[in-house]
Amino acid sequence: MIVADTSYLVEAILRDASLLENDETIITPDLTVYETINTLWKHEVLIGDLKDSSPYLELLLELISTEAVQLVRPDEKLLKNSYMLSAKHKTPIYDAVLVALALELGLKLKTFDRRQTNILSKEKGE
1241 MIVADTSYLV EAILRDASLL ENDETIITPD LTVYETINTL WKHEVLIGDL
1291 KDSSPYLELL LELISTEAVQ LVRPDEKLLK NSYMLSAKHK TPIYDAVLVA
1341 LALELGLKLK TFDRRQTNIL SKEKGE
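Plus 1240 on top of the position in the sequence shown (first one is 1) and you've got this note's numbering.
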């Protein structure tokens, strides 16, 4: 199992399917689904580099329905830890929640966001 953010899911869905081929279950906050779908919409409607994002949306929904991607609804503990990390590292709460989730579950965080990686390393004392 791994924790993954929107940047990782979008990269896996749009550009590099090999990121999904390792049979690791992806754990992510439910917010990630909205962010991922919003990115698909942005590429189709605003950027215009996707003619039809529906196959990518279907892939995301399939990953969720087969539990290859498992959604976590943040509880009180995760929200408090996320807020603490957000304040401590002056980072948005929606980024901090991924770091807090990885720390809470003791899992690797897969992201293309260097700031999240740096915060996780600092919190783990690396």
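Every residue, glycine too, gets a C-beta built ideally from N, C-alpha and C.
For V1312, there is no enclosing alpha helix (DSSP H); the enclosing beta strand (DSSP E) covers residues V1309 to V1312. Here the region 1309 to 1318 makes contact with the region 1250 to 1270; the two share three or more CB pairs at distances below 8 angstroms. With a cutoff of 8 angstroms on beta-carbon distance, K1317 and I1242 are scored as not near each other. Under the DSSP assignment, I1242 falls in the beta strand (DSSP E) whose first and last residues are I1242 to A1244. From the listed residues I1304, Y1248 and E1264, the smallest Cα separation to T1279 is found for Y1248.
Bridge pairing for P1269: V1312 [DSSP].
By the C-beta density criterion, S1293 is buried, having at least 16 other C-beta atoms within 10 angstroms. Only residues of its own chain outside the window of five on either side were considered, and among them none has a CB closer than 8 angstroms to the CB of A1257.
In the structure shown, K1350 falls within a strand segment according to DSSP collapsed to helix, strand and coil. DSSP places S1305 in the uninterrupted alpha helix (DSSP H) bounded by S1294 to S1305. The residue from T1276, D1245 and W1281 with its alpha-carbon nearest to that of K1291 is W1281.
Just so you know, the alpha carbons of E1307 and E1261 end up roughly 14 angstroms apart.
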